Each structure stands twice: as structure tokens, then as C-alpha cells.
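> Under our numbering, residues -17 to 173 are what the sequence shown spells out, in order.
Here a beta-carbon is modelled for each residue, glycine too, at the ideal position from N, C-alpha and C.
Only a predicted model underlies this, so the values are computations on that prediction, with no experimental measurement involved.
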Amino acid sequence: MLYFILFCTFVLGNICGSIFLKKISYDTKMSIFTFFHPFLRNIDIYTKSMTFRNLFLYNLFILLSMIFLGLFNLGYIFIPIIITFIGASVGFRVGFLVSYFKLKGLWIALVGIYPQYLFFIISFLGIGSLSMSLSQNPFKSLNNTRITKNIFTNREYSLLFCFFLIFSFLGIITEISCSPILKLILKDMIL
């Protein structure tokens, strides 16, 4: 059920990102688009190691934030908000490419954005649902001196977390593979 809720918030974010795209000026759109694709700012000095490091730190920050929020009851509120913002960034990027480059933009999105996000979406939704289930079942009981039993044991949480971390790592590898293609296509079109 939690996975479905997070998937709906991700789709809602996609829709909001596309709607937001229609409401802002071209210069603002370009600024936001290059913010979402940091290697476009320094396209001439782009390296795979820089991209790997940046993507790894970005994804690790998001995943650890969701796990940290899962330790508190507020995680049940903030994790769907994080997933909504992730969906909005994907919706904005794809909407930008399709609205300005039409069919070519759709192909750019299919080659340069969607392959890695298949892995990222699975990992973000999986870690988010695990963290929400953890925040739904606080592991300290104030009325009792004993610890209440969670849905999963700590070992099961750790194994599932590692599984979703592997999915995120596969997304990073995929993005590193797709980024040179995206760089070649977008270098002449956008910059």
C-alpha cells in the first residue's frame, strides 16, 4: 500500500513539474534545466568520474534522508513530499525537452533521462516505502519498557536497503553511460 501511495505522489510530481514548465519564462526554464543536469553548466570539462561522484552523493543524500526521516513519525509526511519533488524534477526535464524539441526531445528523454530513472524510481520508492513503514511503527514504546516489534526485523530492513541501493547504483552506471550521448545531442541544441 505504501509503495502505491509513493508511486501516486511521484506521478503527481510529474504532472506538477510539467504544469510548472508552462508557467515560467524561457530563461528560468533554462536555469532550472541546467540545475537538474549539472554537467550542462560545464559541458566542456565534463568527466565520467565527476558525474559518478556527483550522482552518487546526490542519490546517497536522498536515500539517507529518507531513512533518517523513517526514524521519526514525521517521516510519514516528509517522505511523500521528497518523492513528489523527485517526480516534479523528472516531469520538468522531460516536459522541457518535449515542448522545445518536439519529437527529437522525446527521443532525447527516452535515451538520456528515462533509462536511469527506471532504476532510480524503483530505489527511491522502495527506500521510501521501507522508511514510511518504519516511521509508521515507532520502535520505542513510551508506555512499555520493552521494544515493540516492527513489521520487518533489522536484518530484513538492511537487506532490502542494500537491494534498493544496488538499484540506485545501477541507475548511476546507466546515467554515466547515457550522459555522453545526451551531452553530444544537447551541446549544439541548448548551449
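Have a look at Val(-7) and Arg137 and give me their C-alpha separation to the nearest angstrom.
The count along the sequence shown starts at 1 and reaches residue -7 at position 11. The count along the sequence shown starts at 1 and reaches residue 137 at position 155. C-alpha separation (whole angstroms): 31 Å.
> Suppose you measure from the CA of Ser105 to the CA of Phe151; what does that come to, to the nearest Å?
Stepping through the sequence shown from its first residue, residue 105 is reached at position 123. Stepping through the sequence shown from its first residue, residue 151 is reached at position 169. Looking at the two C-alpha atoms, the distance is approximately 9 Å.
> Please return the same chain residues whose Cβ sits closer than 7 Å to the Cβ of Met48, not counting the five positions on each side in sequence.
On the sequence shown, position 66 is the one that residue 48 refers to. Ile61, Ile64, Ile109, Gly110, Ser113, listed in sequence order.
> Under 9 Å between the Cβ atoms of Ile68 and Phe102?
If you number the sequence shown from 1, residue 68 lands on position 86. If you number the sequence shown from 1, residue 102 lands on position 120. In this structure, Ile68 lies near Phe102, with their beta-carbon atoms less than 9 Å apart.
> Starting from the Cα of Gly(-1), find the closest Cα among Phe146, Val80, Ile158, Cys160 and give me that residue.
Here residue -1 refers to the residue found at position 17 of the sequence shown. With distances taken between Cα atoms, Gly(-1) lies closest to Val80.
> Hey, quick one: how far does the alpha helix (DSSP H) through Met48 stretch, first residue to last?
Reading the sequence shown from its first residue, position 66 is the one you call residue 48. Met48 -> alpha helix (DSSP H) spans 30 to 52.
> Can you say whether Ser117 is buried or exposed, counting buried as having 16 or more other CB atoms within 10 angstroms of its CB?
Here the question's residue 117 lines up with position 135 in the sequence shown. It is buried - the Cβ of Ser117 has at least 16 other Cβ atoms within 10 Å.
> Quick one: grab the DSSP three-state call for Met(-17).
As a first step, residue -17 is located in the sequence shown; it is residue number 1 there, counting from the start. Looking at Met(-17) - three-state DSSP - the assignment turns out to be coil, as it is neither helix nor strand.
> Rounded C-beta distance between Pro97 and Thr33? I'm assuming under 8 Å.
Locating residue 97 in the sequence shown gives position 115, counting from the first residue. Locating residue 33 in the sequence shown gives position 51, counting from the first residue. Contact flag wrong, Cβ pair sits at about 15 Å.
> Starting from Ile61, follow the alpha helix (DSSP H) in both directions and report where the run begins and ends.
Numbered from its first residue, the sequence shown carries residue 61 at position 79. Taken as a continuous stretch (DSSP letters only), the alpha helix (DSSP H) holding Ile61 covers 57 to 94.
> Cα separation between Asn55 and Leu(-16)?
Walking along the sequence shown from the start, residue 55 turns up at place 73. Walking along the sequence shown from the start, residue -16 turns up at place 2. The straight-line gap from Cα to Cα measures roughly 15 Å.
> Compute the beta-carbon to beta-carbon distance between Phe74 and Ile154, rounded to the nearest angstrom, for a pair I have assumed lies under 8 Å.
As a working note, residue 74 is residue 92 in the sequence shown. As a working note, residue 154 is residue 172 in the sequence shown. With 8 Å as the limit, Phe74 and Ile154 do not qualify as a contact, their Cβ atoms being about 21 Å apart.
> Whole-angstrom Cβ separation of Leu3 and Gly77, contact assumed at under 8 Å?
Here residue 3 is taken as the residue at index 21 of the sequence shown, counted from 1. Here residue 77 is taken as the residue at index 95 of the sequence shown, counted from 1. Confirmed, Cβ separation roughly 4 Å.
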